[in-house]
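Using numbering that gives the first Met the number 0, the first residue of the sequence shown is number 0, and each one after it goes up by one.
Here's the structure, in structure tokens; my notes come after.
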Amino acid sequence: MKGCFYGLKGKHLSLVTIVLLCTTILIWGWKKTPILTGLVPPQTRLHLGPEITDDFVDNNVPSEQEIDVGKGVTTFVRKDTVKEELQLGAPPDSEQNSDKSEEISSDIASNQVEKNGILTSVSKEREKHKQVQEAEIDGKVVDVRQKEKAEENNADVQKQNGEIGTSLGSAYANTSVDKLTTHTQTPAPVCNYAKGKWVVDHKKPLYSGHGCKQWLSSMWSCRKTQRTDFAYEKVSWQPKDCQMEEFEGSKFLKRMQHKTLAFVGDSLGRQQFQSLMCMITGGKERHDVIDVGPEYGIVQARGDLRPGGWAYRFPSTNTTILYYWSSTLCDLEPIDPSNPTTDYAMHLDRPPAFLRQYIHKLNILVLNTGHHWNRGKLKANRWVMHLRGVPNTDRKIAVIWKAKNVTVHSIINWVNSQLPKYPGLKAFYRTISPRHFVGGEWNTGGSCDNTTPMSIGKEVLQDVSSDTDAAGAAKGTGVKLLDITALSQVRDEGHMSRFSITAKPGVQDCLHWCLPGVPDTWNEILFAQI
């Protein structure tokens, strides 16, 4: 009986020892091995203590795109988040980059993480007891119950997450999750196209001054004059710190598909318009291009030498390019419409009627003014300055350059006020084109006889515009500056100069440019910015 008892006890002890050993191994493996945790019911939640939840949000996310989800738990996601960034993130220049970028709904965060194979649920109501519902990695659920255990498993988690995508911080740039903040990538610096140098380019010009007869006025085609040197055509502008996209007519039309680009300004704006038409077509005749001037109220009135503008449409892409003449960017209206010799009210603070009527149809707007602001022009055109709807009596504003400044600020502010109404509109103000008269004005013996490119300089290193009035007016608005003043200043050889079709002696044009020529560069810079 006693021997039987001891015999049974020895067998039972052996069995008990084996069971205890297996149980110990099973419990240890349960805690240490992620595979075994798959047995945990799906609704099991991870309760994070206050000392962990307080650190759930790290406003200083590491540069390696890490997101700290509690102390010691760092999730790395290195790929496939760019698409979600486009879907969930606000634009890089959005005003949400500041306060709103710190708060994303937990639903968005959960959906985003779930796409990458990780499901994270965040409770908004209990800041000290935020819970992570599941962490699903490659189909295996990890129940991280304690900070210490999570810290031990961190290396394994990193390894398994290595192929999921870039950091959640990248995916959540400019979005938010209950104080879940992440790094936003520093936007690429904006190119200052006005800073750079002129270089010889044998691939230029982009069209022939002889061939572009359909769009180019003969008076601006120096190939048709007595001029014999054309080195000014073989020069390109090279920005200092960035590459300028090479212009191609087909690429331009594709980019401007179903869009309208309008130049509104003086004769230099007209030159830029004609230059662009020649650049798009390569100077070739295009019989498919349609005159759509009447759609924009552009018609030639009886008795006028030419219409108040031109508008052409390329049917292949439904792209419209137009020019409207408004030399001062002021609204002009006859004071006495019944009198053919009446004066005209020149409203310094009112945009041209054309813009007020048709701005809703425009996608790209390029404004300019400058060289008609002189007493001779005002007197010859019978323009009388008006402000707030009545004749101006302020002597300070009556000074020409101050009156011009009032108008430049007024038109830019007005266009800026229209941008929220028309989100598809992008507006530019082109800075003033420099004159190069030496020894007088156009009618007093002024000349510009230089014909050698870059002989007075070829590099522009200044960071600010030479047209300070325009720069000041555009600052802080949504109207971009098309800054061409300084880069054009060193191209004195590119003017019409003494050459003309009629070859009349004594009068030189040191204001307008030979085409092809400098205005082509203005359009290349414009193309790079649209």
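Beta carbons are placed, not taken as given, at the ideal position from N, Cα and C, and that holds for glycine.
{"Item": "Under the three-state reduction of DSSP, which class applies to Ala485: helix, strand or coil?", "Value": "helix"}
{"Item": "Give every residue of the same chain whose Cβ lies closer than 7 Å to the Cβ of Asp335, excluding the five residues on either side of it in the sequence, and list them in chain order.", "Value": "Thr341"}
{"Item": "In terms of residues, what are the limits of the beta strand (DSSP E) holding Glu332?", "Value": "330–333"}
{"Item": "Which two residues bound the contiguous beta strand (DSSP E) that contains Asp508?", "Value": "508–512"}
{"Item": "Using 8 Å for Cβ pairs, my map puts Cys221 next to Phe436. What's the rounded Cβ distance?", "Value": "The pair is not a contact, with the Cβ atoms about 18 Å apart (cut-off 8 Å)."}
{"Item": "For Ala300 and Lys196, what's the separation of their Cα atoms in angstroms?", "Value": "44 Å"}
{"Item": "Exposed or buried, which one is Gly116 when buried takes at least 16 other CB atoms within 10 Å?", "Value": "Any reading at Gly116 is ruled out, since the residue's pLDDT is 40, under 50, leaving its predicted position unreliable."}
{"Item": "Rounded to the nearest angstrom, how far is the Cβ of Asp287 from that of Pro314, given a contact under 8 Å?", "Value": "6 Å"}
{"Item": "Please report the straight-line C-alpha distance between Ile320 and His371, rounded to a whole angstrom.", "Value": "24 Å"}
{"Item": "Let me know if Val407 comes out buried or exposed under the rule of 16 or more other beta-carbons within 10 Å of its beta-carbon.", "Value": "buried"}
{"Item": "Smallest Cα separation from Trp214: which of Gly439, Arg226, Glu245, Leu275?", "Value": "Leu275"}
{"Item": "Should Ser217 go down as buried or exposed, given a rule of 16 or more other Cβ atoms within 10 Å for buried?", "Value": "exposed"}
{"Item": "Is Gln271 closer than 8 Å to Pro518 when the C-beta atoms are compared?", "Value": "yes"}
{"Item": "Which ranges would you report for the alpha helix (DSSP H) in the region 218–288 if only whole runs of at least 4 residues count?", "Value": "248–254, 266–280"}
{"Item": "When you compare only the Cα positions, how much space is there between Gly264 and Gln528?", "Value": "20 Å"}
{"Item": "Within a Cβ cutoff of 8 Å, which residues of the same chain sit near His201, ignoring the five residues on either side of it in sequence?", "Value": "Lys233"}
{"Item": "State buried or exposed for Arg254, treating a residue as buried only when at least 16 other CB atoms are found within 10 Å of its CB.", "Value": "exposed"}
{"Item": "Of the choices Met384, His494, Leu260, whose alpha-carbon is the least far from that of Phe427?", "Value": "Leu260"}
{"Item": "Taking 8 Å as the threshold, find out whether the region 477–496 comes into contact with the region 441–448 through three or more Cβ pairs.", "Value": "yes"}
{"Item": "Flag Lys196 as yes if its beta-carbon sits less than 8 Å from any beta-carbon of chain C, otherwise no.", "Value": "Absent from the structure: chain C. Only one protein chain is present."}
{"Item": "Taking C-beta to C-beta, are Cys211 and Gly308 nearer than 8 Å?", "Value": "no"}
{"Item": "Note down, one range per segment and in chain order, each alpha helix (DSSP H) of at least 4 residues found wholly within the region 384–428.", "Value": "394–397, 399–417"}
{"Item": "Shortest alpha-carbon distance to His385 belongs to which of Gly375, Ile396, Lys376, Lys378?", "Value": "Ile396"}
{"Item": "What span of residues does the alpha helix (DSSP H) with Leu324 cover, start to end?", "Value": "Per the sequence shown, residue 324 should be read as Trp rather than Leu. No alpha helix (DSSP H) contains Trp324, which is instead part of the beta strand (DSSP E) from 318–324."}
{"Item": "State buried or exposed for Ile411, treating a residue as buried only when at least 16 other CB atoms are found within 10 Å of its CB.", "Value": "buried"}
{"Item": "To the nearest angstrom, report how far apart Leu361 and Leu424 are at their CA atoms.", "Value": "6 Å"}
{"Item": "Rounded C-beta distance between Pro433 and Thr484? I'm assuming under 8 Å.", "Value": "6 Å"}
{"Item": "How many angstroms separate the CA atom of Ser235 from the CA atom of Ala344?", "Value": "42 Å"}
{"Item": "Give the DSSP bridge partners of Val199, in chain order.", "Value": "Val234"}
{"Item": "How big is the Cα-Cα spacing for Asp466 and Ser337?", "Value": "40 Å"}
{"Item": "Answer with buried or exposed for Lys378, where buried requires no fewer than 16 other C-beta atoms within 10 angstroms of its C-beta.", "Value": "exposed"}
{"Item": "Run the CB neighbour count on Trp324, radius 10 Å, all protein chains shown included, and call it buried at 16 or more, exposed below.", "Value": "buried"}
{"Item": "Give me, in chain order, the residues of the same chain whose beta-carbon lies closer than 6 Å to that of Ala230; leave out the 5 immediate sequence neighbours on both sides.", "Value": "Pro452"}
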